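**Student:** One structure coming up, written as structure tokens, with questions to follow.
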Amino acid sequence: MRSGRLALLLAAAVTVLWMLPLAQLVTVSLRDGGLDNYAAVLRQQGLGRYLLNSAVVTAVTVVLVLALGSVAAFAFSKLRFPGRTALYVLVLTGLMIPVAAILVPLTELETALGWQSTYQGLFMPYAALSLPFALVILRNTYDSLPDELLEAAVVDGAGTWRAFVRVYLPLTAPALVMVGIWTFLNSWNEFLLALMFMVSPDMRTVTVVPASFQLEFFVDVPKIFAALVLIQLPVVVLYGLMQRTFERGLTAGAIK
Numbered sequence: 001m002r003s004g005r006l007a008l009l010l011a012a013a014v015t016v017l018w019m020l021p022l023a024q025l026v027t028v029s030l031r032d033g034g035l036d037n038y039a040a041v042l043r044q045q046g047l048g049r050y051l052l053n054s055a056v057v058t059a060v061t062v063v064l065v066l067a068l069g070s071v072a073a074f075a076f077s078k079l080r081f082p083g084r085t086a087l088y089v090l091v092l093t094g095l096m097i098p099v100a101a102i103l104v105p106l107t108e109l110e111t112a113l114g115w116q117s118t119y120q121g122l123f124m125p126y127a128a129l130s131l132p133f134a135l136v137i138l139r140n141t142y143d144s145l146p147d148e149l150l151e152a153a154v155v156d157g158a159g160t161w162r163a164f165v166r167v168y169l170p171l172t173a174p175a176l177v178m179v180g181i182w183t184f185l186n187s188w189n190e191f192l193l194a195l196m197f198m199v200s201p202d203m204r205t206v207t208v209v210p211a212s213f214q215l216e217f218f219v220d221v222p223k224i225f226a227a228l229v230l231i232q233l234p235v236v237v238l239y240g241l242m243q244r245t246f247e248r249g250l251t252a253g254a255i256k
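Residue numbers for the sequence shown follow full-length UniProt numbering, so the first one is 1 and each next one is one higher.
Given below as structure tokens:
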């Protein structure tokens with residue numbers, strides 16, 4: 001009983017600590033002008049375009065990560081081919097490489113391909129950087145499913161691909177949702193690559209907006225904070241709606 005109460009108090013304390021910055025953000029955004037601060041931000045020219053850019057890049061990134069990650073994780077988990085372990089370890093090294101370490105060669109590659117200020121200039125590196133984590137979660141999920149399902153499907157004449165689509169893929173739905181939400185959060189909030197690669201003002205994403213607003217609202221901190229609240233609102237709403245599915249998928253992918 002005492003340990004359960006202590007755990008509850010600890011969880012409450014951690015929740016309060018996590019909520020304090022968000023509460024401060026909202027409080028400052030309502031200072032002086034109140035809701036007029038939000039109206040002023042929404043009236044800014046180009047904000048709708050920035051939201052559209054972020055939505056397109058994030059949506060394509062999520063689709064790419066789920067499609068490629070689910071197929072690759074199934075192959076690493078259930079299929080036997082030469083160099084499987086070495087290739088998997090090589091892919092996982094992406095988890096240990098910070099974005100700043102590959103920024104220079106990535107910039108040169110983007111310039112050579114002509115991807116500066118294009119959607120693919122963001123969603124391709126976003127997907128590549130998100131795939132290693134997706135592979136870890138999804139492969140562990142596939143590892144928890146019996147190999148007999150694949151064997152039975154092959155015996156029945158279904159084939160490996162149909163067994164993957166019809167049998168295994170539906171069973172990994174919670175993990176897929178979790179990976180999708182995680183990819184959405186990271187892609188929507190990413191700043192460094194968006195700042196470096198989206199040179200054209202029409203192709204900027206919402207994470208770059210506060211930096212540009214600092215020039216226009218240099219001494220008007222509440223409006224800058226209002227912009228930050230609007231940017232984070234889709235993230236908070238999505239996680240609030242999908243929290244249980246996210247946690248269930250994380251647990252399924254973390255335990256073999």
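Glycine included, each C-beta is placed from N, C-alpha and C at the ideal position.
Here the structure is a predicted model, which means the values were calculated and not measured.
For Trp182, is the classification buried or exposed, using 16 other Cβ atoms within 10 angstroms of its Cβ as the cut-off for buried?
**Tutor:** So Trp182 counts as buried.
**Student:** Using the three-state DSSP reduction, which class does Pro234 fall into: helix, strand or coil?
**Tutor:** helix
**Student:** Around the C-beta of Thr61, are 16 or more other C-beta atoms found within 10 angstroms, so that it is buried, or is it exposed?
**Tutor:** buried
**Student:** Looking at C-alpha atoms only, which residue of Met196, Gly4, Val206 and Pro234 is the closest neighbour of Pro105?
**Tutor:** Cα-wise, what sits closest to Pro105 is Met196.
**Student:** Quick one: is the Cβ of Val167 within less than 7 Å of any heavy atom of the ligand FMN?
**Tutor:** No copy of the ligand FMN appears in this structure; indeed no ligand is present at all.
**Student:** State the CB to CB distance for the pair Gln116 and Glu110, rounded to an integer number of angstroms; the pair is presumed to be in contact (CB under 8 Å).
**Tutor:** 6 Å
**Student:** With a CB to CB cut of under 7 Å and the five nearest residues on each side skipped, what residues in its chain are close to Leu241?
**Tutor:** Residues of the same chain with their beta carbon placed closer than 7 Å to that of Leu241 are lacking, with the five preceding and five following residues left out of the count.
**Student:** Just how far apart, CA to CA, sit Tyr142 and Val235?
**Tutor:** 28 Å
**Student:** Please list, in chain order, all residues of the same chain as Val65 whose beta carbon is under 7 Å from its beta carbon, the five residues on each side excluded.
**Tutor:** Ala127, Ser130, Leu131, Ala134, Val179 and Thr183
**Student:** Among Arg204, Leu150 and Gln232, which has the Cα closest to the Cα of Asn189?
**Tutor:** Gln232
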